[in-house]
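Trainee:
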DNA sequence: GGTTGTGAATACATTCACAGCA
DNA sequence: TGCTGTGAATGTATTCACAACC
């Protein structure tokens, strides 16, 4: 509810306000938010292929989901389609990017520059999507001063100033499990709003902090449930 | 339904059959399966701390969820607790490991030995949990023969024989997006049952194949939805 | 004709609340 | 007393089905 109220407060033109009027009293389900980036991605691919209009039915085939679900999902945010035709891909994509907040750049810091942290900092997928890692920290002072690409590793004591000065809002955590909760507490204390956690634990965060866990082992462990009887 | 039927077919003693009798006619929700590995992980931590019994209420505090949900989740698989006391941690963990199929070792192959693939093969979190990458492939023949740790990179043409000979059931995909669907098709064609996909696309797979996507960018993009109005 | 957007209907997941037991 | 296991109740998400429109 709060998120939506702020959303409306942020809208810029009357057309958009009218389009979103009906959402004022309905919370957007989180599953819907989780699907929006998937829509953006497939729309991107369609643009590359030169397509310019698509129906919910066609989208559903591409994404293996029902057309009704796609239409319903989009309806939480506005009316983006044209009856009889479908959705203008470029327009829909831009709208979704704005809704998700990925029409702007986001700055992140990395904590933990071990093997995993180095892989993350070298991952080429973040910056094209507007996520830039602009600082790196490690609890081991011996790492301090090391260069990783164009980033200098800093000591944990520099976290507060760096977050403030560089306007960092996302913390990427790649430290050993036992250190994760402590590191996350520090990041939150100094104004980080979102955590991307690679440590294989489930840290506790206050409800106003958004956390996402990347955990391939958990994924595998839920996969084998369905595989174990097939062999 | 099929999965459960097979589950029952696999049970070894009458006690376990009776325990699971009530599940015969109820499909286990997928969300429940996704939570089981999280339970296993926290139980592991509790064992390390020397705890031996825990109540659903205490577990709920640790995992930030309601005791009722934990009890309900477990009830899909059996009766593991004792009234008035709670759950024996070691026993519950072993049961869950068996249910998930992670009481056995699983062999995986990696496709794509670029930066990401190398990071995956070096990730130390898989083998302690019983997931071992025993082969690696790359579509670039120039990579063939390269050693990564103790694994020799092979050509794609060797996929069929290697999967069969080494009894590999999981494919880890770390190739560029455009190649992902093709690679996944090949893996499935040669008997792979589960796919751990790191390519930022949503490949299509037949319903009997289990796929999990690891995609930090999608996670970030759904995170910013909740962050964009807080700044 | 084709397709959207959306209330209503259905299906699914979570939580409640309490009987039953240690 | 304290806790589990579970039907019933509630809350959410998905799907249906159709009026409105191009």
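Chains as they are written, first to last, in my numbering: chain A, 119 to 349; chain B, 119 to 349.
By construction, the Cβ of each residue, glycine as well, lies at the ideal position given by its N, Cα and C atoms.
Within the segment 257-313 of chain B, note down every full beta strand (DSSP E) run reaching 3 residues or more, in order along the chain.
Mentor: DSSP runs (the beta strand (DSSP E)) wholly in the segment 257-313 of chain B: 269-273, 288-291.
Trainee: Which term fits residue 268/B, buried or exposed, when burial requires 16 or more other beta carbons within 10 angstroms of its beta carbon?
Mentor: Position 150 of the second chain, counted from the start, is the residue given in the question as residue 268/B. Residue 268/B comes out exposed.
Trainee: Can you tell me whether DSSP reads residue 348/A as helix, strand or coil?
Mentor: As a working note, residue 348/A is residue 230 in the first chain. Here residue 348/A sits in coil by DSSP.
Trainee: Can you tell me which of the three DSSP states residue 211/A falls into?
Mentor: Position 93 of the first chain, counted from the start, is the residue given in the question as residue 211/A. Of the three classes helix, strand and coil, the one that applies to residue 211/A here is helix, per DSSP.
Trainee: Do residue 249/B and residue 335/A have their C-beta atoms within less than 9 Å of each other?
Mentor: One-based indexing of the second chain puts residue 249/B at position 131. One-based indexing of the first chain puts residue 335/A at position 217. In this structure, residue 335/A lies closer than 9 Å to residue 249/B by Cβ.
Trainee: Quick check: the segment 281-288 of chain A against the segment 243-259 of chain A, are there 3 or more CB pairs under 8 Å?
Mentor: With the cut-off at 8 Å, the segment 281-288 of chain A and the segment 243-259 of chain A touch.
Trainee: Going by Cα to Cα distance, which pick from 212/B, 316/B, 343/B is closest to residue 243/A?
Mentor: Walking along the first chain from the start, residue 243/A turns up at place 125. The option with the nearest alpha carbon to residue 243/A is 316/B.
Trainee: Run through chain A and tell me which residues come within less than 8 Å of residue 241/B, C-beta to C-beta.
Mentor: For the purposes of this step, residue 241/B is identified with residue 123 of the second chain, where counting begins at 1. Residues of chain A passing the Cβ test: 233, 234, 334.
Trainee: By Cβ distance below 7 Å, which residues in the same chain neighbour residue 191/B in space, the five residues on each side in sequence not counted?
Mentor: For the purposes of this step, residue 191/B is identified with residue 73 of the second chain, where counting begins at 1. Correct list, in chain order: 150, 153.
Trainee: Return helix, strand or coil for residue 183/A, following the three-state DSSP convention.
Mentor: Taking the first chain and counting its residues from 1, one reaches residue 183/A at position 65. Reduced to three states, the DSSP call for residue 183/A is coil.
Trainee: So if I threshold CB-CB distances at 9 Å, which residues from the segment 289-315 of chain B count as touching chain A?
Mentor: So the list reads 290, 295, 311, 312, 313, 314, given in the order they occur along the chain.
Trainee: Hey, how far is the Cα of residue 181/B from the Cα of residue 256/A?
Mentor: Within the second chain, the letter at position 63 stands for residue 181/B. Within the first chain, the letter at position 138 stands for residue 256/A. Using only the alpha carbons, I get a separation of about 27 Å.
Trainee: Opposite residue 253/B in the DSSP bridges: which residues?
Mentor: For this step, residue 253/B is matched to residue 135 along the second chain. DSSP output for residue 253/B lists 227/B as bridge partner(s).
Trainee: Out of 213/A, 227/A, 228/A, which has the shortest C-alpha to C-alpha gap to residue 221/A?
Mentor: Within the first chain, the letter at position 103 stands for residue 221/A. Ranking 213/A, 227/A, 228/A by Cα distance to residue 221/A puts 213/A first.
Trainee: Which residues share a DSSP beta bridge with residue 328/A?
Mentor: Against the first chain, residue 328/A aligns to sequence position 210. Per DSSP, 312/A.
Trainee: Hey, is residue 175/B's beta-carbon within less than 9 Å of any beta-carbon in chain A?
Mentor: Reading the second chain from its first residue, position 57 is the one you call residue 175/B. False, the Cβ-Cβ gap to chain A never drops below 9 Å.
Trainee: Please classify residue 307/B as buried or exposed, where buried requires at least 16 other C-beta atoms within 10 Å of its C-beta.
Mentor: Within the second chain, residue 307/B is the residue found at index 189, counting from 1. So residue 307/B ends up on the exposed side.
Trainee: What whole-angstrom Cβ distance do residue 164/A and residue 217/A have, given they're in contact under 8 Å?
Mentor: One-based indexing of the first chain puts residue 164/A at position 46. One-based indexing of the first chain puts residue 217/A at position 99. So it is not a contact: roughly 18 Å between Cβ atoms.
Trainee: Give the residues of chain A in contact with residue 219/B, contact being defined as C-beta atoms less than 7 Å apart.
Mentor: By one-based count along the second chain, residue 219/B stands at place 101. 342, 343, 345, 346, listed in chain order.
Trainee: Compute the Euclidean distance between the alpha carbons of residue 293/B and residue 333/A, then round it to the nearest angstrom.
Mentor: Position 175 of the second chain holds residue 293/B. Position 215 of the first chain holds residue 333/A. Looking at the two C-alpha atoms, the distance is approximately 19 Å.
Trainee: Which residues in chain B have a C-beta closer than 9 Å to the C-beta of residue 284/A? List them in chain order.
Mentor: Mapped onto the first chain, residue 284/A falls at position 166. Near residue 284/A there are no residues of chain B at all, since even the closest Cβ is about 14 Å away, more than 9 Å.
Trainee: Go through its chain and collect everything with a Cβ distance to residue 174/B's Cβ below 6 Å, but skip five positions before and after it.
Mentor: Position 56 of the second chain, counted from the first residue, corresponds to residue 174/B. Cβ within range, chain order: 185, 188, 189.
Trainee: Which residue comes first and which comes last in the alpha helix (DSSP H) that contains residue 157/A?
Mentor: Translated into positions along the first chain, residue 157/A becomes position 39. Start and end: 148-166.
Trainee: Taking a contact to mean a Cβ-Cβ separation below 9 Å, would you say residue 210/B touches residue 202/B in this structure?
Mentor: Against the second chain, residue 210/B aligns to sequence position 92. Against the second chain, residue 202/B aligns to sequence position 84. Their beta carbons are not under 9 Å apart, which means residue 210/B does not touch residue 202/B by this criterion.
Trainee: Return no unless some Cβ of chain B is closer than 9 Å to the Cβ of residue 322/A.
Mentor: The sequence position of residue 322/A within the first chain is 204, counting from 1. True, the Cβ-Cβ gap to chain B drops below 9 Å.
Trainee: Here's the rule I'm using: 16 or more other beta-carbon atoms within 10 Å means buried, otherwise exposed. How should residue 265/B be labelled?
Mentor: Position 147 of the second chain, counting from 1, holds the residue named residue 265/B. The residue is exposed, with fewer than 16 neighbouring Cβ atoms inside 10 Å.
Trainee: Listing by chain order, which chain B residues have their CB less than 8 Å from the CB of residue 318/A?
Mentor: Within the first chain, residue 318/A is the residue found at index 200, counting from 1. Here the neighbours are 159, 243.
Trainee: Mind pulling the chain B residues with CB within less than 7 Å of residue 152/A?
Mentor: Position 34 of the first chain, counting from 1, holds the residue named residue 152/A. Correct list: 340.
Trainee: Can you tell me the Cβ-Cβ gap for residue 345/A and residue 311/B, rounded? I've got them flagged as a contact below 8 Å.
Mentor: Here residue 345/A is taken as the residue at index 227 of the first chain, counted from 1. Here residue 311/B is taken as the residue at index 193 of the second chain, counted from 1. With a Cβ gap of about 5 Å, residue 345/A and residue 311/B count as contacting.
Trainee: Starting from the Cα of residue 348/A, find the closest Cα among 309/B, 295/B, 237/B, 228/B and give me that residue.
Mentor: By one-based count along the first chain, residue 348/A stands at place 230. Residue 348/A has its Cα closest to that of 309/B, out of 309/B, 295/B, 237/B, 228/B.
Trainee: Note down, in chain order, each residue of its chain lying with its Cβ closer than 8 Å to the Cβ of residue 304/B, except the 5 sequence neighbours on either side.
Mentor: Here the question's residue 304/B lines up with position 186 in the second chain. Excluding residues within five positions, the ones whose Cβ falls inside 8 Å are 274, 277.
Trainee: In the DSSP assignment, find the unbroken beta strand (DSSP E) run with residue 204/B in it and report its ends.
Mentor: Here residue 204/B corresponds to residue number 86 of the second chain, with the count starting at 1. Element bounds for residue 204/B: 204-206.
Trainee: At least one CB of chain A closer than 9 Å to the CB of residue 139/B: is that the case?
Mentor: Taking the first residue of the second chain as 1, we reach residue 139/B at position 21. Residue placement at residue 139/B cannot be trusted, given a pLDDT of 32 that sits under 50; the coordinates are not used to answer.
Trainee: Could you check if residue 340/A is buried or exposed, using at least 16 other CB atoms within 10 Å of its CB as the buried criterion?
Mentor: Residue mapping note: residue 340/A aligns to position 222 of the first chain, counting from 1. So residue 340/A counts as buried.
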